[in-house]
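Per the numbering used here, the sequence shown starts with residue 34, numbered consecutively.
For every residue, glycine included, the Cβ atom is placed at its ideal position computed from N, Cα and C.
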Amino acid sequence: MTLRLKLFVLIAGVIIFAMSGVTAVALWRELVRGQELLLREGVALASTTATGASHWVREGGVDPGGPEALPALLERLVSSAPLDRAWIVDSAGKVLACVSRTGEPCPEGVPPSEFQAADWPLQTLSRLVRPEGIVASAPIVRAGAVVGAVRVDFTHEEVVGAARDLAWGAAAVAAFWIALGHLLAAIFIRQVTQPLVSLASAAESLAEERGVRLEEPEDRELVDLVRAFNHMSARLDERRAENQRLIAELEERVAQKTREVLRADRLATLGGIAAGFAHELGNSLNVIRGYAAVTSRELPDDSPHRSDVEAIRREVTRAAGLIERFLVFARARTVHPLVQPVEPILREAVEVLGPAAAHAKVERAVEVEPGLPEVLADAELLRQAFLNLGVNAVQAMQDRGGGKLTVRALREPGGLVVEFHDTGPGIDAEAAAHVFEPFFTTKASGTGLGLAIVRQAAEAHGGTVEVAGAPGAGATFRVHLPAAEAGAAADAAAGGAG
Numbered sequence: 034m035t036l037r038l039k040l041f042v043l044i045a046g047v048i049i050f051a052m053s054g055v056t057a058v059a060l061w062r063e064l065v066r067g068q069e070l071l072l073r074e075g076v077a078l079a080s081t082t083a084t085g086a087s088h089w090v091r092e093g094g095v096d097p098g099g100p101e102a103l104p105a106l107l108e109r110l111v112s113s114a115p116l117d118r119a120w121i122v123d124s125a126g127k128v129l130a131c132v133s134r135t136g137e138p139c140p141e142g143v144p145p146s147e148f149q150a151a152d153w154p155l156q157t158l159s160r161l162v163r164p165e166g167i168v169a170s171a172p173i174v175r176a177g178a179v180v181g182a183v184r185v186d187f188t189h190e191e192v193v194g195a196a197r198d199l200a201w202g203a204a205a206v207a208a209f210w211i212a213l214g215h216l217l218a219a220i221f222i223r224q225v226t227q228p229l230v231s232l233a234s235a236a237e238s239l240a241e242e243r244g245v246r247l248e249e250p251e252d253r254e255l256v257d258l259v260r261a262f263n264h265m266s267a268r269l270d271e272r273r274a275e276n277q278r279l280i281a282e283l284e285e286r287v288a289q290k291t292r293e294v295l296r297a298d299r300l301a302t303l304g305g306i307a308a309g310f311a312h313e314l315g316n317s318l319n320v321i322r323g324y325a326a327v328t329s330r331e332l333p334d335d336s337p338h339r340s341d342v343e344a345i346r347r348e349v350t351r352a353a354g355l356i357e358r359f360l361v362f363a364r365a366r367t368v369h370p371l372v373q374p375v376e377p378i379l380r381e382a383v384e385v386l387g388p389a390a391a392h393a394k395v396e397r398a399v400e401v402e403p404g405l406p407e408v409l410a411d412a413e414l415l416r417q418a419f420l421n422l423g424v425n426a427v428q429a430m431q432d433r434g435g436g437k438l439t440v441r442a443l444r445e446p447g448g449l450v451v452e453f454h455d456t457g458p459g460i461d462a463e464a465a466a467h468v469f470e471p472f473f474t475t476k477a478s479g480t481g482l483g484l485a486i487v488r489q490a491a492e493a494h495g496g497t498v499e500v501a502g503a504p505g506a507g508a509t510f511r512v513h514l515p516a517a518e519a520g521a522a523a524d525a526a527a528g529g530a531g
């Protein structure tokens, strides 16, 4: 059954229900109208008769001649109108006269409540329409007082019975059509709502399950709805997969940031300890250096111990340099950034490498892309980072008898990248994973702090550092720096956090 047919059935049922109700109401109103007309006619007759009876009826009885006149008055009333019975009673309810067309005996008395009502001459229809027929009455007034009443009874079974039968028939027809309309509505609701219930159930399943699909229904009108639902379900599955991927990435980032926070906390603690050690150790080294200088001056030039004293002075100087580099890394240095181009800083750092590069037979080349964006940089801190990368590359190539160091500065989305590429022995994957960690080194004489300082400087500028390479193929270190606008925002955020 198509949706159009279901709607037609429903509308037909509603129309039938409405028509049956209108028919029943119309028949009932016609019945009531007929009864009201009879009632008004009866009241008019009773009032006319009560006017005539007021000449004979008095309080507590009748005047002389009344016993004969009153029955005659009722006889004329019954003969002139289609009444079944008419009677006259006094104020106490005693029947003074009664005429019955049907031959039924008249009662000796009637309760006054049968006649006396506050709304004479018309009583309410509910009191006047009785099982035995329609009853109308009117008061007999004499000298301004109610001394009795006239009552007339209508039965007219041929009229009242037919109306009653008509009303029952209308009620039966209305009940039949109401039942039929209800049945059609129930069929319609079941046929329409069952696919919708299935759709709602499937929609609830989407919250917990994947791959929920519905079969296309027979109703052409619902096919598009089911297809749209299946399309939505497929899109939700794709979104779930994408969300799970993003959640996994976020969890990895959170873990990485947690490691960085822990590392920063350890470094902050280490910096505090280092400051104390540096003070005490520096004092001791100064004392040793002083004694070594005095001893060197007092020894003759040909003394066999002069070489030993020079070795002491050389190792003390090396130890002092190691402590200084350690403090540079561990101490929380205040950054003083300015918006400036990176090229002069980079060229100055490469220029400083000149003597060391010449000694190691390393050729240098600097390539800077024109129009690079400016960066928000602390020149001294950034120069130290570039110098460390250059020294690291020169030392790597020195053991191989020389090589070439190529330094490039290139534009990239959001900023620029500075590359240090050497033709040295390269780096394996395991070393690349730890090369920026403090105290990690692959050189016997290295301190493991140079590249850690590079990473610290890059992050202080809102950037990152990475390494790429393979054993025997050289290594490339890249420092990514944001442009001045993005860098300024990062610096402001860092200042707010501090």
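{"query": "Same chain, Cβ closer than 7 Å to residue 490, neighbours up to 5 away in sequence not counted", "result": "414, 415, 417, 418"}
{"query": "C-beta atoms of residue 450 and residue 397 nearer than 8 Å", "result": "no"}
{"query": "Within 8 Å, strictly: CB atoms of residue 116 and residue 209", "result": "no"}
{"query": "Distance CB(residue 453)-CB(residue 423) smaller than 8 Å", "result": "yes"}
{"query": "One or two residues paired with residue 33 in a DSSP bridge", "result": "This structure does not reach residue 33, given that the chain is present from 34 up to 531, and the question cannot be answered."}
{"query": "Euclidean distance between Cα positions of residue 112 and residue 55", "result": "40 Å"}
{"query": "Exposure label - residue 506; buried when at least 16 CB within 10 Å", "result": "exposed"}
{"query": "Residue 375 (DSSP reduced to helix, strand or coil)", "result": "coil"}
{"query": "Alpha helix (DSSP H) segment containing residue 419, residue limits", "result": "412-431"}
{"query": "Unbroken alpha helix (DSSP H) run spanning residue 487, endpoints", "result": "483-493"}
{"query": "Among 472, 445, 286, 47, nearest to residue 211 - alpha-carbon criterion", "result": "47"}
{"query": "Residue 123 beta carbon less than 8 Å from that of residue 180", "result": "yes"}
{"query": "DSSP bridge partner residues for residue 332 (one or two, in chain order)", "result": "Paired residue(s): none; residue 332 is not in a bridge."}
{"query": "Stretch-stretch touch, CB-based, cutoff 8 Å, three pairs: the region 127-139 with the region 104-111", "result": "yes"}
{"query": "Option in 427, 444, 493 with minimal Cα separation from residue 508", "result": "427"}
{"query": "Residue 342 beta carbon less than 8 Å from that of residue 541", "result": "It is not possible to answer for residue 541, since the shown part of the chain is limited to 34 through 531."}
{"query": "Alpha-carbon to alpha-carbon, residue 81 and residue 185", "result": "12 Å"}
{"query": "CA nearest to the CA of residue 488, picked from 514, 502, 463, 503", "result": "514"}
{"query": "Segment limits, alpha helix (DSSP H) that includes residue 109", "result": "99-113"}
{"query": "Alpha carbon of residue 277 to alpha carbon of residue 317, nearest angstrom", "result": "58 Å"}
{"query": "Three or more C-beta pairs below 8 Å linking the region 399-410 and the region 427-437", "result": "no"}
{"query": "Local Cβ density within 10 Å of residue 99, reported as buried at 16 or more and exposed below that", "result": "buried"}
{"query": "Reduced DSSP secondary structure (H/G/I, E/B, other) of residue 392", "result": "helix"}
{"query": "Reduced DSSP secondary structure (H/G/I, E/B, other) of residue 87", "result": "coil"}
{"query": "For residue 278, the residue or residues it bridges with in DSSP", "result": "Answer is none; residue 278 lacks a bridge partner."}
{"query": "Endpoints, beta strand (DSSP E) assigned at residue 513", "result": "508-515"}
{"query": "DSSP three-state assignment for residue 208, whether helix, strand or coil", "result": "helix"}
{"query": "Per-residue burial, residue 266 [other beta carbons within 10 Å of its own, 16 or more giving buried]", "result": "buried"}
{"query": "Same chain, Cβ closer than 6 Å to residue 395, five either side skipped, listed in chain order", "result": "427, 430, 435, 436, 438"}
{"query": "Distance, residue 465 Cα to residue 328 Cα", "result": "46 Å"}
{"query": "Buried versus exposed call for residue 140 [16 or more other C-beta atoms within 10 Å across all chains shown]", "result": "exposed"}
{"query": "Cutoff 7 Å; reference residue 78; Cβ partners in own chain excluding five residues on either side", "result": "110, 114, 185"}
{"query": "Residue 470: first and last residue of the uninterrupted alpha helix (DSSP H) it sits in", "result": "Per DSSP, residue 470 belongs to no alpha helix (DSSP H) and is neither H nor E."}
{"query": "Residue closest to residue 516, alpha-carbon to alpha-carbon, out of 90, 448, 275", "result": "448"}
{"query": "Pairwise C-alpha distance: residue 293 and residue 495", "result": "14 Å"}
{"query": "Selected residue, minimal CA-CA separation from residue 458, among 442, 486, 425, 291", "result": "425"}
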